[in-house]
Amino acid sequence: MKNAVPTFVVDAPGGGGKIAIQPNYLISQSPDKVVLRNFEGVISSYPEPENYVPGRADDYFAEIYPEVMKEKEQIGISAIFEDQSTSYTPEGLARLKRRESYSDRPDHETLKSRRAKRDELKEKKFLAQQKKDSEAEGQTQ
C-alpha cells in the first residue's frame with residue numbers, strides 16, 4: 001500500500017496546465033507573482049491575489065483555534081522563523097553519534113593531545129634554523 005502525498009499545484013494561465021509548486025518547477029517569486037515552468041518547459045507567471053495581506057494566515061488561524069495558539073511552542077522551523085533559533089538539528093543524527101563514539105575510543109587523539117610534540121618539533125626547527133643562520137653568517141665574514 002502506498003501513502004498518498006498531497007501536492008500543491010497551480011493551474012497556470014495560458015494553457016500551462018497544472019504545475020506542482022516544487023523546486024524543479026518554481027523559477028522565481030516576487031511579492032506580485034511567481035514564475036513557473038511545467039514539465040514540458042512552458043514558462044508561465046501566476047499573479048498573487050490583489051488584496052493579499054501577508055502574514056494574515058496566523059491571525060485567521062488564531063481566530064478559529066485560539067486554544068491551539070496559546071499552546072504554540074516555538075521549536076524546529078517555527079523557532080527559526082521567529083528568530084529564537086538559527087538552526088535545527090534532528091534528534092538521533094548519525095553524525096553526532098559517530099562523533100561521540102569516536103571520542104570515547106581509547107586510541108582517540110586530538111590536536112590538543114599532540115601539542116607537546118608539536119612544540120618540541122617547532123623548537124628543534126627553530127634551533128636548527130638559528131644554527132644554520134649563524135654558520136652562514138660566519139662563512140660570509
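Everything in the sequence shown is counted per the UniProt record's numbering, starting at 1 for the first residue and increasing by one.
Just so it is clear, CB atoms sit at the ideal spot from N, CA and C, and this is done for glycine as well.
Check: Give me the residue from Y102, V53, I21, N3 with the minimum Cα distance to S45.; Outcome: I21
Check: Report the three-state DSSP secondary structure of S57 (helix, strand or coil).; Outcome: The sequence given here places Ala at residue 57; Ser does not occur at that position. Residue state, collapsed to three classes: helix.
Check: Going straight from the alpha carbon of E137 to that of R99, what length do you get?; Outcome: 51 Å
Check: How about V5 and I19: do their beta carbons lie closer than 9 Å?; Outcome: no
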